[in-house]
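Visitor: Take a look at the following structure, please.
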Amino acid sequence: MSGRIFILAAPSGAGKSSLVAALLADDPQLKLSVSFTTRKPRTGEVDGVAYNFTTVTDFLERRARGEFLENAKVHDNYYATSRTWIAQVLSEGRDIVLEIDWQGAEQVRAAFPAVHSIFVMPPSLDELERRLRGRDTDSPEAIATRLANARIEMEKASRFDYTVVNDQFDHALVELKRIIAQCRAA
Ligand code: 5GP
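Using our numbering, you'd call the opening residue of the sequence shown number 10 and step up by one each time.
Here it is in structure tokens:
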């Protein structure tokens, strides 16, 4: 039996990555897709684990060869999902989490209409700004870009099947697990 695809999208700083890490720790059936990106690694990010970090030239060559299921430019960097990895994991009957932006979500929906899409909302834009500044990994310019993009991203939330507000981590995690269980049972 083929596996399912769950898209998790959120503006950066909404706490999506921590939620995904907690989901995966508890659910051996779920596999996280490691995206390709031309963004520079942040402190602590390991190549092949956080992302497959690559150059713009390599990225564009791979894209031209049709290696990506979806791709998008987000915050001035390119991001993409590997087509072959997705096909392989689905054929093993395992479920996949894609941590991608709304542009990528549109492309994956077009390719896999049965995809389940979940949007993780921060409690507010003020709280998002506080979290982005607090994590201290991006320059003030990068934070400003991310906040501007967050507004655009949040306008797309209604196109997703589910919305989870991450005001309290534990509540949001329970809600995510409930949605995944419901999709699996359907
Ligand atoms: P960050 O640079 O903070 O890790 O991610 C920035 C944004 O890029 C986030 O909104 C994230 O969901 C998105 N992103 C990460 N990987 C992919 C991908 O493979 N495809 C698309 N379309 N977006 C991605």
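Using N, Cα and C, we set each Cβ at its ideal position, and we do this for glycine too.
1. Could you compute how far the alpha carbon of Q116 sits from the alpha carbon of N80?
2. At the level of alpha carbons, what is the spacing between L69 and L107?
3. Please state whether the Cβ-Cβ distance between A13 and R193 is less than 8 Å.
4. Pick helix, strand or coil for A81, following the three-state DSSP scheme.
5. Given 7 Å as the limit, tell me if I152 has its C-beta closer than that to any heavy atom belonging to ligand 1.
6. So is the beta-carbon of I95 under 7 Å away from any non-hydrogen atom of ligand 1?
7. Which residue spans inside the stretch 126 to 187 form an unbroken alpha helix (DSSP H) run of at least 4?
8. Check the DSSP bridge columns for L17 and list the partner residues they point to.
9. So what's D67 in DSSP terms, helix, strand or just coil?
10. Going by C-alpha distance, which of G143, E136 and V43 is nearest R160?
11. Three-state secondary structure (DSSP) at T47?
12. For A89, report the span of its alpha helix (DSSP H) as first-last.
13. Tell me the rounded alpha-carbon separation between S126 and R74.
Guide: Judging by the given coordinates:
1. Taking the straight line joining both Cα atoms gives about 8 Å.
2. CA-CA distance, L69 to L107, rounds to 21 Å.
3. Per the sequence shown, residue 13 should be read as Arg rather than Ala. For R13 and R193, yes; Cβs fall inside 8 Å.
4. Strand at A81.
5. For I152, the Cβ stays outside the 7 Å cut-off from all heavy atoms of ligand 1.
6. With a cut-off of 7 Å, the C-beta of I95 is classified as distant from ligand 1, since no heavy atom of the ligand falls inside that distance.
7. Here the runs fully enclosed are 134 to 144 and 149 to 164.
8. Within the DSSP secondary-structure output, L17 pairs in a beta bridge with E108 and I127.
9. Three-state result, D67: helix.
10. Shortest Cα-Cα distance from R160 to any of G143, E136 and V43 involves E136.
11. Coil, per DSSP.
12. Counting along the chain, A89 falls outside any alpha helix (DSSP H), though it belongs to the beta strand (DSSP E) covering N86 to S91.
13. Looking at the backbone, the Cα of S126 and that of R74 are separated by about 27 Å.
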